[in-house]
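Each residue of the sequence shown is one higher than the one before, starting from 55 at the first, in the working numbering. Read through the structure below, which is laid out as structure tokens, and then see the notes.
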Amino acid sequence: MSTAATDIYYDPYDFAIDQNPYPVWTRMREEMPLYYNERYDFYALSRYADVEEASVDWQTYTSSKGILMEMVKAGIPTPPGLFIAEDPPQHDMHRLILSRAVTPRRVQVLEARIRELCAEYLDPLVGSGRFDLMQDFASHLPMRVIGALVGIPDEYLLNLRDHVEESARLTEEKPQDEQRLPSIGEPYAPFLKYRKANPADDFLTTLIQARFTDVFTKEERGLTDAEILNYVGMLYAAGVETTARLIGWLGKVLSDNPAQRAEVVADRSLVANTVEETLRFEVPSPIQVRVTVKPVELHGQTVEEGKIVTLLTGAANRDPRVFPDPDTFDIHRKIDAHLTFGKGVHYCFGAALARIEGRIALEEFLARFSNWHVDMSEAELIHTATIRGFHKLPVEI
Ligand code: HEM
Numbered sequence: 055m056s057t058a059a060t061d062i063y064y065d066p067y068d069f070a071i072d073q074n075p076y077p078v079w080t081r082m083r084e085e086m087p088l089y090y091n092e093r094y095d096f097y098a099l100s101r102y103a104d105v106e107e108a109s110v111d112w113q114t115y116t117s118s119k120g121i122l123m124e125m126v127k128a129g130i131p132t133p134p135g136l137f138i139a140e141d142p143p144q145h146d147m148h149r150l151i152l153s154r155a156v157t158p159r160r161v162q163v164l165e166a167r168i169r170e171l172c173a174e175y176l177d178p179l180v181g182s183g184r185f186d187l188m189q190d191f192a193s194h195l196p197m198r199v200i201g202a203l204v205g206i207p208d209e210y211l212l213n214l215r216d217h218v219e220e221s222a223r224l225t226e227e228k229p230q231d232e233q234r235l236p237s238i239g240e241p242y243a244p245f246l247k248y249r250k251a252n253p254a255d256d257f258l259t260t261l262i263q264a265r266f267t268d269v270f271t272k273e274e275r276g277l278t279d280a281e282i283l284n285y286v287g288m289l290y291a292a293g294v295e296t297t298a299r300l301i302g303w304l305g306k307v308l309s310d311n312p313a314q315r316a317e318v319v320a321d322r323s324l325v326a327n328t329v330e331e332t333l334r335f336e337v338p339s340p341i342q343v344r345v346t347v348k349p350v351e352l353h354g355q356t357v358e359e360g361k362i363v364t365l366l367t368g369a370a371n372r373d374p375r376v377f378p379d380p381d382t383f384d385i386h387r388k389i390d391a392h393l394t395f396g397k398g399v400h401y402c403f404g405a406a407l408a409r410i411e412g413r414i415a416l417e418e419f420l421a422r423f424s425n426w427h428v429d430m431s432e433a434e435l436i437h438t439a440t441i442r443g444f445h446k447l448p449v450e451i
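Below, the structure written as structure tokens:
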């Protein structure tokens with residue numbers, strides 16, 4: 055099998071492909087499991103087994119060169135604490151400290167808050183007949199949830215959402231190579247300053263007071279301001295856009311599958327698996343980026359050191375070798391493990407929270423609306439190099 059002569063074409067920047075990437079992903083999986091894109095100089099793995107194997111093998115596939123192709127190509131060094139773009143042992147050190155700040159009690163308090171927030175957005179929509187599921191609900195909720203976790207007041211968040219969404223967005227006028235990378239931690243600096251002066255029993259204070267042994271210097275130290283700010287910026291960047299798209303996809307796939315929706319309406323014990331199947335079926339962040347640190351043999355070819363290898367989790371989740379009849383949405387499907395949250399050391403830090411948000415958002419939506427229809431003529435996908443889902447999704451009740 056050769057990657058040279060082919061009519062298969064895929065890149066994550068192409069708006070037309072992004073509309074429906076499944077046909078090309080199917081061809082890549084079956085005909086060219088190691089795909090090479092000459093234009094942007096990257097490889098892609100699309101089979102479940104390959105994506106899974108590469109995800110756990112951080113010794114071959116590093117994250118430390120960046121987690122967006124633009125970041126890798128620009129040679130931007132990883133800001134300290136941004137452990138999604140670090141390898142072990144720094145990655146493990148930074149992840150462990152952050153995980154201590156997300157205590158089970160803090161997550162439990164969040165559950166009640168998520169329900170309140172759903173009511174705040176959904177109650178005014180009851181009786182309206184038509185609204186935008188993204189603009190009126192899904193785009194707001196995850197940002198408010200991360201704000202509640204971190205302890206950042208709501209007023210400030212509203213500006214930040216536009217900042218994060220706008221900086222990640224690609225447009226025809228602003229293609230990928232002119233992209234600004236989000237200035238990740240900086241907008242949160244005033245809160246850090248405030249919390250340092252006014253400690254409380256909260257997330258930021260836990261980080262401010264954390265002590266640990268640095269894996270390099272072997273000295274005990276606290277986190278720097280840059281590390282704390284990058285943590286917060288990373289939680290927003292990783293947790294807001296993705297979870298918003300999940301909620302949008304729930305609205306879309308259930309509108310497309312009214313018989314299954316009627317089953318969930320009648321039996322709420324099906325909600326959790328409906329969220330799981332939606333996560334498998336429409337992946338909010340379907341492409342992960344790695345760089346090889348040594349030559350690697352894949353499907354009879356050698357990929358040299360220093361090459362970008364993308365892991366197409368969205369394609370892997372539709373691999374018929376693992377999921378029978380993969381292009382069918384089935385809320386009763388037994389799902390052992392989809393790859394939507396990645397795998398290995400970088401397995402999504404917020405997976406539990408994302409599932410809780412998806413479940414509560416769906417429960418609260420169904421408590422108010424049991425029958426809706428998506429108006430695709432007015433729907434718009436958001437275009438970023440890593441996120442796939444809706445920016446606008448009008449629904450008629
Ligand atoms: C449906 C929603 C979500 C999806 C689809 C998603 C997906 C992912 C994926 C695929 C990765 C692995 C990236 C890689 O291997 O390079 C990841 C990592 C991560 N996610 Fe999520 N995520 C979601 C929600 C969240 C939320 C709500 C948070 C924050 C509370 C979050 C925080 C993170 C962090 C911090 C990492 C880095 C983990 C590490 O490198 O150890 N994510 N996520």
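Using N, Cα and C, we set each Cβ at its ideal position, and we do this for glycine too. In this text the structure is predicted, and so the values were computed from the model without any measurement.
- For Pro-143, the shortest C-beta to heavy atom distance toward ligand 1 is 8 Å or greater.
- Taking a 10 Å sphere around the C-beta of Tyr-401, we find fewer than 16 other C-beta atoms and assign the residue as exposed.
- In this structure, the straight-line span from the alpha carbon of Thr-80 to that of Tyr-64 is close to 11 Å.
- In terms of Cβ geometry, Ala-391 and Leu-99 do not form a close pair [threshold 9 Å].
- With respect to the C-alpha of Phe-266, the residue from Phe-257, Met-288, Ile-151 having the closest C-alpha is Ile-151.
- With respect to the 9 Å criterion, His-386 and Asn-327 are classified as neighbours on the basis of their beta carbons.
- Within a 10 Å sphere around the beta-carbon of Lys-119 sit 16 or more other beta-carbons, which makes this residue buried.
- Residue nearest to Thr-394 within the set Gly-205, Val-105, Glu-418, Pro-75 is Val-105 (criterion: CA-CA distance).
- Taken through DSSP and simplified to helix, strand or coil, Arg-198 comes out as helix.
- Around the CB of Thr-271, fewer than 16 other CB atoms lie within 10 Å, so the residue is classed as exposed.
- Taking a cut-off of 8 Å on C-beta distances, the region 300-320 does not touch the region 340-351, as fewer than three cross pairs fall below it.
- For Tyr-97, the CB stays at least 8 Å from every heavy atom of ligand 1.
- Rounded to the nearest angstrom, the gap between the Cα atoms of Pro-66 and Pro-75 is 9 Å.
- Counting only the Cα atoms, Gly-302 lies some 46 Å from Glu-273.
- Shortest gap from the CB of Glu-411 to any heavy atom of ligand 1: under 8 Å.
- Not one heavy atom of ligand 1 falls within 8 Å of the beta-carbon of Ala-202.
- By the Cβ-count criterion, Ile-62 is exposed, with fewer than 16 other Cβ atoms from all chains shown falling within 10 Å of its own Cβ.
- Phe-377 carries a coil assignment under DSSP once its states are collapsed to helix, strand and coil.
- In the three-state DSSP reduction, Ala-391 falls in the coil class, being neither helix nor strand.
- When the beta-carbon positions are compared, Thr-364 and Val-337 stay at least 9 Å from each other.
- Taking a cut-off of 8 Å for Cβ pairs, the region 351-360 and the region 415-429 do not touch, as fewer than three such pairs fall below it.
- Within the region 239-265, complete alpha helix (DSSP H) segments of at least 4 residues are found at 243-251, 257-263, given in chain order.
- Excluding sequence positions up to five before and after Ala-408, its CB lies within less than 6 Å of the CB of Thr-297, all in the same chain and listed in chain order.
- Of Glu-124, Thr-440, Leu-435, Phe-419, the smallest CA-CA separation from Val-180 is found for Phe-419.
- Phe-335: member of the alpha helix (DSSP H) spanning 325-335, first to last residue.
- DSSP places Val-449 in the strand class (E or B) of the three-state scheme.
- When rounded, the separation of the alpha-carbon atoms in Val-156 and Leu-203 is 8 Å.
- The alpha-carbon of Glu-359 is positioned some 29 Å away from that of Asp-72.
- DSSP links Asp-310 through a beta bridge to no other residue.
- Of Pro-77, Pro-133, Leu-195, the smallest CA-CA separation from Gly-239 is found for Pro-133.
- The residue from Asp-255, Glu-295, Thr-278, Ser-109 with its alpha-carbon nearest to that of Arg-198 is Glu-295.
- With distances taken between CA atoms, Ala-291 lies nearest to Thr-438 out of Glu-434, Arg-375, Thr-438, Leu-258.
- The alpha-carbon separation between Ile-362 and Met-123 amounts to approximately 8 Å.
- In this structure, the CA atom of Asp-111 is about 36 Å from the CA atom of Glu-434.
- At least one heavy atom of ligand 1 is found less than 8 Å from the C-beta of Val-399.
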